[in-house]
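Below is one structure, written out as structure tokens; the observations come after it.
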Amino acid sequence: MSHTLNVSPKREEEFQSKLDKIVSEKFGERAKDMIYVDLIFTAPGSQGHGYASALLDTITALADTLGQACWLASSNILNEPFYNSRAFNTVGEFLLGEDNPNWHEKPAKVQVMVRESGPRMGD
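Sequential numbering of the sequence shown, starting at 1, is according to UniProt numbering.
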């Protein structure tokens, strides 16, 4: 899996390396049978209309139909309640930039989250 982020190749390499390690540790061979949810976001001017919710709800409904778990990586801690409300739980996390002397910002925290398939309360 590869991300299409607007970041330097070095940052992308760091992200992918750390993500691969957590995915291997937490999911192992099971990862290949899971649905990976890649980069869900809504442009600021379009937020609040339920677009991301509709998209993620469609993906998770498909996953439930297929009996597959979903996983994602989120680098915005403010999105945690959104994902939690859709039964995603954090199973691991890592920091980007903490070992880079050229990184002048606070390290970015990335959460790896999983949602197991199956019926939910209220279904």
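All C-beta atoms in this analysis are idealised placements derived from N, C-alpha and C, irrespective of residue type, glycine included.
Residue environment, residue i, which counts as buried when at least 16 other CB atoms sit within 10 Å
i	result
R115	buried
A43	exposed
A69	buried
D64	buried
L55	exposed
P119	exposed
Three-state class that DSSP yields for residue i in the structure shown
i	result
residue 138	This structure leaves residue 138 out entirely; the chain is present only between 1 and 123.
S2	Any reading at S2 must be qualified, since the residue scores a pLDDT of 44, below 50, and its modelled position is unreliable; no value is offered.
I58	Ile is not the amino acid found at residue 58; the sequence shown has Thr there. Helix.
A73	strand
R11	helix
G48	coil
F82	helix
E93	strand
K106	coil
Q68	coil
Proximity test, residue i beta-carbon vs the ligand MN heavy atom, cut-off 6 Å
i	result
A69	Annotation note on the ligand MN: not contained in the displayed structure, which lists no ligands.
Cut-off 6 Å between Cβ atoms - residues of its own chain near residue i, not counting five sequence neighbours on either side
i	result
I72	At residue 72 the sequence reads Leu, which differs from the Ile that was named. Closer than 6 Å at Cβ, skipping near neighbours: V37 and M113.
S75	A108 and V110
K18	F94
P9	none
Y51	T42
Supposed contact pair residue j and residue i - C-beta distance, whole angstroms, cut 8 Å
i	j	result
I77	K109	6 Å
F41	L96	No, F41 and L96 are not in contact; Cβ-Cβ is about 17 Å, not under 8 Å.
Residues near residue i by beta carbon distance below 8 Å, same chain, minus five either side
i	result
K26	V91, G92, V112 and V114
V23	A31, W71 and V112
Cβ neighbours of residue i in the same chain (closer than 7 Å, five flanking residues each side left out)
i	result
D33	Q68
N89	M113 and V114
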